[in-house]
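To start, the structure under review is shown below, and the notes come after it.
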Amino acid sequence: MNAPSNGARGTAAALGHYVNPAPFDPLEGEQLSSDLERYYLASQWRMMWWKLKRHRVAVASGVFLLLMYLSILVSELLAPYNLHTRHTDFIYAPPQGIHLFHEGRLVGPFVYGLSYNLNMDTLKREYALDSTKVQAIRFFCRGDAYEYLSMIPGNLHLFCPAEGGTLFVAGTDRLGRDMLSRLIYGARVSLTVGLIGITVSFLLGISLGGLAGYYGGWVDNLIQRTIEVLRSFPELPLWMALSAALPVSWSPLYIYFGITLILGLLDWTGLARAVRSKLLALREEDFCTAAMLMGARPRRIIFRHLVPSFMSHLIASATLSIPAMILGETALSFLGLGLRPPITSWGVLLTEAQNINVVALYPWLMLPVTPVILAVLAFNFLGDGLRDAADPYK
Amino acid sequence: MMQYLVRRILIMAPTLLAISAIVFTIIQLPPGDYLTTMVAELQAQGESVNAEKLQFLREQYGLDRTPVEQYFHWLMGMLQGDLGWSFEYNVPVSSVIGERLLLSFVVAFTTIIFTYVIAFPIGIYSATHQYSWSDYGLTLLGFLGLATPSFLLALVLLYFANVTFGTSIGGLMDPQYLDQPMSWTKFLSVLEHLWIPVIVIGTSGTAAMIRRLRANLLDELQKQYVVTGRAKGLPPGRLLIKYPLRMAINPFIADIGNLLPHMISGAAIVSVVMSLPTNGPMLLAALRSQDMYLAGSFLMIEACLIVIGVFLSDIALAVLDPRIRLHGGTTR
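If you're matching them up, the sequences are chains G and Y in order. Last residue of the first sequence: 447 in the numbering used here, with the numbers rising by one and none dropped. Last residue of the second sequence: 859 in the numbering used here, with the numbers rising by one and none dropped.
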């Protein structure tokens, strides 16, 4: 190998003719290290995952959302009390803080008991923490009975109050129901509203946007005009009008589906626009022409070539529109046009916080807003990360 | 340009027609009509209802006709400037909503100004200081603004305004000015009350606009003409204002179309919470009692405002940015 390399300085005669006996590999220069090969041969989804992983906040939000959604599978277990248990002795009780040390001694997580006193001058219920009553929290304990999935009876809870004690980590409402338990149960409805709504809007968006983008012409025109009309309505008043149209006689479950349907029916326009413009751009791409020339039929082109190339964008934009639905449900329920009491959602819980007295006297009734904000923030961050990762080839 | 204007106006007409049809369908959707609601209410109070009077009212209000006939009656009326009759208030709709529309307009207009004034400097700052701590802080604040349900923000602000400034709760002015003619003190009182709804309604719009302006400006800042300008020695501030900002500013005008529905939506729920004398609470009440022409007119007027707003912003955009294709449409 070293002989021909300094041929420039030596004379041609001094050098004998040299032939490398090793077999010649014409692709040698293009050979990739195994790391690079892994990178170049990675599928689109794998590359998206790598790119998403670098967006720390998005990953953290994703994990947080996953935990939230997992929690709705085991709400009964997580909540210290049943959804409807009333504690008539503890109406509007303030949150009890969780402590670890009592008089300098480690007790483990415990709360101080509440002592109740009716102020006869102002007729205000006054609760004071009684530092003599140390009520240690029990874990994996038997508490309020429930029916898991309204079939399997059970009474196991992750944590419950001490025997004869109370555990209102987030206070109680006007019927003495534990707010924390109601929050945990409320997640069930509030979080799924967005999912069902987005499914409806996703199906409508893909099919109508796909039709408009692929066929063009009058179909496109018709769908475009419909979208324009729908978009020129202010969202909330339209939601209000439609949910006012839901029959009063419907059962809460039907109302729930009605509301999700309304949220989904009015949300598809953005998605449809995205699908359409992507389709218009992609169907002119070389790979699409190549598939067409090879005789692929439209169905194969759409589903095998076009849809996979913009699916990631769609998922990202869908993630970004779930928060709007969660907020929409909250707003509608707050106005009394959405879900109604036997069903518990964060919006329904917030109707309790409707007047200014609550802010002044029982601020803990506004706590349901915390999971709303957290969920919406998490969806926004995750959606942002997904949107950045959606095009990994950039 | 003229051709574009005419085209846009011609498109507006069928859009408005379709909107009116949808509005009418929606307000017709609930089973029964205003009279059945009224009868149910009267019976709940233990009063009897005269069947003859009911029949008379039904004919008087045109509720005995088919929905299609009612729709065309309403449409024809609207074209002549007659919005119909409000059953609940027993006066023509136009005389109920006049003042409310004006106040809604005042609130919406102030909110848009507020949005611009706040979003503009913050967006520029965020973009020019990308990935600094202040940028992260402002971004987080913006996200929080998007995520907080406005009605709750309204409640909390109301409470603090009451505690710290002694502003009366609810309404758009102190109670003693309610039926007074316009005066300087009344104006001040309105101003004193206006800032809460403006902040609350404007928050989410402002947050959205900050993010969009930041993204746009970041795109522009990376372009070569900026590098050239900097290389030729333009001072940074002058460079920023002279070139990239002018490019990034388009969304401020184009966004009116997005902003208006947003404002009106936001205003609807916030006004209910704060009992502002604007559209929101009245629309809610009208929807509940099936006062159909009143509810319909509100929805219709709001949609019209949005269509006109989008139209105006499109024209402004076309005037300001010659690159925008006047003949538009990507249909091929």
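Backbone N, C-alpha and C fix where the C-beta goes; we use that ideal spot for every residue, glycine too. As the structure is a prediction and not an experimental result, all values here were calculated from the model.
Show which residues of chain Y have a CB atom less than 8 Å away from the CB atom of N135 (chain G).
The contacting residues do not exist; N135 (chain G) stays about 27 Å from chain Y at best.
Any beta-carbon of chain G closer than 8 Å to the one on T675 (chain Y)?
For T675 (chain Y), the nearest CB of chain G lies under 8 Å from its own CB, placing it at the interface with that chain.
Between L427 (chain G) and A674 (chain Y), what straight-line distance do the alpha-carbon atoms span, to the nearest angstrom?
Computed Cα separation, rounded: 8 Å.
Classification of I280 (chain G) by the beta-carbon crowding that lies within 10 angstroms, buried from 16 upward:
Buried: at least 16 other Cβ atoms inside 10 Å.
Does any CB atom of chain G fall closer than 8 Å to the CB of A822 (chain Y)?
Yes, because at least one Cβ of chain G sits closer than 8 Å to the Cβ of A822 (chain Y).
Less than 8 Å between CB atoms is the rule here; does P788 (chain Y) satisfy it with respect to chain G?
It does; some Cβ of chain G falls within 8 Å.
Let me confirm a value: E596 (chain Y) is counted as buried when at least 16 other C-beta atoms fall within 10 Å, else exposed. Which label applies?
Classification for E596 (chain Y): exposed.
Taking 8 Å as the CB-CB limit, is M497 (chain G) close to chain Y?
A question about residue 497 (chain G) goes unanswered here, because the residues of chain G that appear run from 54 up to 447.
Take the Cβ of D88 (chain G) as the centre, count every other Cβ of all protein chains shown within 10 Å, and call the residue buried at 16 or more, exposed below.
Burial state of D88 (chain G) is exposed, judged by a 10 Å Cβ sphere holding fewer than 16 other Cβ atoms.
Just to confirm, is the Cβ distance from A442 (chain G) to K177 (chain G) under 8 Å?
It is not a contact, given that the beta carbons lie outside the stated cut-off.
For S232 (chain G), tell me which candidate among G:E179, G:F163, G:L402 has the shortest Cα-Cα distance.
Just to set this straight, residue 232 (chain G) is Met in the shown sequence, not Ser. Residue G:L402 is the option with its Cα nearest to M232 (chain G).
Taking the Cβ atom as the reference point for each residue, do W399 (chain G) and P421 (chain G) lie within a distance shorter than 8 Å?
It is a contact, given that the beta carbons lie within the stated cut-off.
Give the DSSP bridge partners of C194 (chain G), in chain order.
G:H210.
Just mark W601 (chain Y) as buried or exposed, buried being the case when its beta carbon has 16 or more other beta carbons within 10 Å.
W601 (chain Y) is buried by the Cβ-count criterion.
Touching by the beta-carbon criterion (3+ pairs, under 8 Å), the stretch 285 to 299 of chain G and the stretch 405 to 419 of chain G:
Touching, no, given that fewer than three Cβ pairs across the two stretches are closer than 8 Å.
Just list the residues that DSSP pairs Q188 (chain G) with in beta bridges.
Beta-bridge pairing links Q188 (chain G) to G:V164.
Residues near L430 (chain G) in its chain [Cβ-Cβ closer than 7 Å; skip 5 each side]
Around L430 (chain G): no qualifying Cβ.
Can you pull out the residues from the stretch 611 to 638 of chain Y whose beta carbon lies closer than 7 Å to at least one beta carbon of chain G?
Hits within the stretch: zero.
Does the beta carbon of V533 (chain Y) come closer than 8 Å to any beta carbon on chain G?
No, V533 (chain Y) lies away from the interface with chain G (no Cβ there is under 8 Å from its Cβ).
If you reduce the DSSP assignment to three classes, tell me which class S661 (chain Y) lands in.
Of the three classes helix, strand and coil, the one that applies to S661 (chain Y) here is helix, per DSSP.
Would you call the CB atoms of F387 (chain G) and L118 (chain G) closer than 8 Å?
Not in contact: F387 (chain G) and L118 (chain G) (Cβ atoms no closer than 8 Å).
In three-state terms, what does DSSP make of S128 (chain G)?
Helix.
What residue range does the beta strand (DSSP E) around F154 (chain G) cover?
Its beta strand (DSSP E) spans residues 152 to 155.
Cβ-based contacts, 7 Å cut-off: residues of the stretch 410 to 425 of chain G near chain Y:
Answer set for the stretch 410 to 425 of chain G: V412, A413, M419, V422, V425.
Distance cutoff 8 Å, beta carbons only. Does S285 (chain G) sit that close to anything in chain Y?
S285 (chain G) counts as touching chain Y.
Cutoff 8 Å: V272 (chain G) Cβ touching any chain Y Cβ
False, the Cβ-Cβ gap to chain Y never drops below 8 Å.
Cutoff 8 Å: E281 (chain G) Cβ touching any chain Y Cβ
So yes, E281 (chain G) belongs to the interface.
Which runs of the alpha helix (DSSP H), 4 residues or longer, sit entirely within the stretch 301 to 379 of chain G?
Unbroken alpha helix (DSSP H) runs of no fewer than 4 residues, entirely contained in the stretch 301 to 379 of chain G, are found at 305 to 318, 321 to 335, 339 to 346, following chain order.
Run of the alpha helix (DSSP H) containing D273 (chain G), from where it starts to where it stops:
270 to 284 is the extent of the alpha helix (DSSP H) around D273 (chain G).
First and last residue of the alpha helix (DSSP H) that includes L839 (chain Y)?
Here the alpha helix (DSSP H) through L839 (chain Y) covers 819 to 847.
Given L628 (chain Y), which residues of its chain have a CB within under 8 Å of its CB, disregarding the five upstream and five downstream residues?
Only N806, I828 meet the Cβ criterion.
Of all the CB atoms in chain G, is at least one closer than 8 Å to the CB of F670 (chain Y)?
True, the Cβ-Cβ gap to chain G drops below 8 Å.
Comparing the C-beta of V429 (chain G) with each C-beta of chain Y, is any distance below 8 Å?
At least one chain Y Cβ lies under 8 Å of V429 (chain G).
Neighbouring residues, chain G, relative to R741 (chain Y) (Cβ below 7 Å):
Result: empty, since nearest Cβ-Cβ is about 12 Å, beyond 7 Å.
For a contact defined as C-beta to C-beta under 8 Å, what are the partners of I520 (chain Y) on chain G?
Within the shown structure, residues of chain Y are numbered from 528 to 859, placing residue 520 (chain Y) beyond reach of any answer.
Which value, in whole angstroms, describes the spacing of the CA atoms of P424 (chain G) and L680 (chain Y)?
As the crow flies, the alpha-carbon of P424 (chain G) is around 15 Å from that of L680 (chain Y).
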